[in-house]
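Everything below concerns the one structure shown next.
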Amino acid sequence: MVNEDWLEKHGTHEKYVIRTYDSTTDWLETTKRDMVYVLSGYGWQILYQRDAEYGTGNKLVPGTKFLLPDKVKYKILNKENIDSKLTLKIEFI
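Each residue of the sequence shown is one higher than the one before, counting from 2 in our numbering.
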């Protein structure tokens with residue numbers, strides 16, 4: 002399940018979202034580039050469809066950020082089955 006909180010940067014009218022995941026997602030597809038900040042969560046990975054045959058995703062480590070490209074399919078998963086929620090801040094570029 003994914004919980005979303007839509008917020009606005011103070012005084013800028015720029016929107017961003019805080020997403021909290023508590024389980025693996027189905028495949029998602031981006032429509033534009035997003036800057037993603039990993040706020041909390043352990044054992045989580047992002048798996049891009051192009052890498053799915055290898056079964057290895059990129060670890061999502063709190064305190065890091067990455068650019069999520071446009072028109073890419075991905076899923077968020079917890080490979081280590083740790084009882085941990087993942088929280089991401091997503092800024093739309």
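Even glycine gets a Cβ: it sits at the ideal position worked out from N, Cα and C.
State yes or no: is the C-beta of residue i within less than 8 Å of the C-beta of residue j?
| i | j | result |
| --- | --- | --- |
| GLU81 | GLY58 | no |
| LYS97 | THR31 | Limits of the chain in this structure are 2 at one end and 94 at the other, which puts residue 97 out of reach. |
| ILE77 | LEU87 | yes |
| ILE47 | TYR75 | yes |
Go through its chain and collect everything with a Cβ distance to residue i's Cβ below 6 Å, but skip five positions before and after it.
| i | result |
| --- | --- |
| VAL18 | GLU5, TRP7, ILE91 |
| ILE83 | TYR43, GLY44 |
Can you tell me the Cα-Cα spacing of residue i and residue j, whole angstroms?
| i | j | result |
| --- | --- | --- |
| ASP27 | GLU15 | 28 Å |
| LEU61 | VAL37 | 10 Å |
| GLU54 | LEU29 | 17 Å |
| TYR49 | GLY56 | 9 Å |
| ARG51 | GLY12 | 39 Å |
| PRO63 | GLU9 | 22 Å |
With 16 other CB atoms within 10 Å as the buried threshold, where does residue i fall?
| i | result |
| --- | --- |
| GLY42 | buried |
Starting from residue i, follow the beta strand (DSSP E) in both directions and report where the run begins and ends.
| i | result |
| --- | --- |
| ASP52 | From DSSP, ASP52 is part of no beta strand (DSSP E); its letter is neither H nor E. |
| TRP28 | No beta strand (DSSP E) holds TRP28; DSSP gives it neither H nor E. |
| THR57 | Careful: THR57 lies outside any beta strand (DSSP E) and carries neither H nor E. |
Between which residues of its own chain and residue i is the CB-CB distance below 7 Å, once the five residues before and five after are set aside?
| i | result |
| --- | --- |
| THR65 | VAL39 |
| ARG34 | LEU68, LEU69, PRO70, ASP71, ILE94 |
Here's a check: name, in chain order, each residue in its chain whose Cβ is nearer than 8 Å to the Cβ of residue i, leaving out the five neighbours to either side.
| i | result |
| --- | --- |
| SER24 | MET2, ASN79 |
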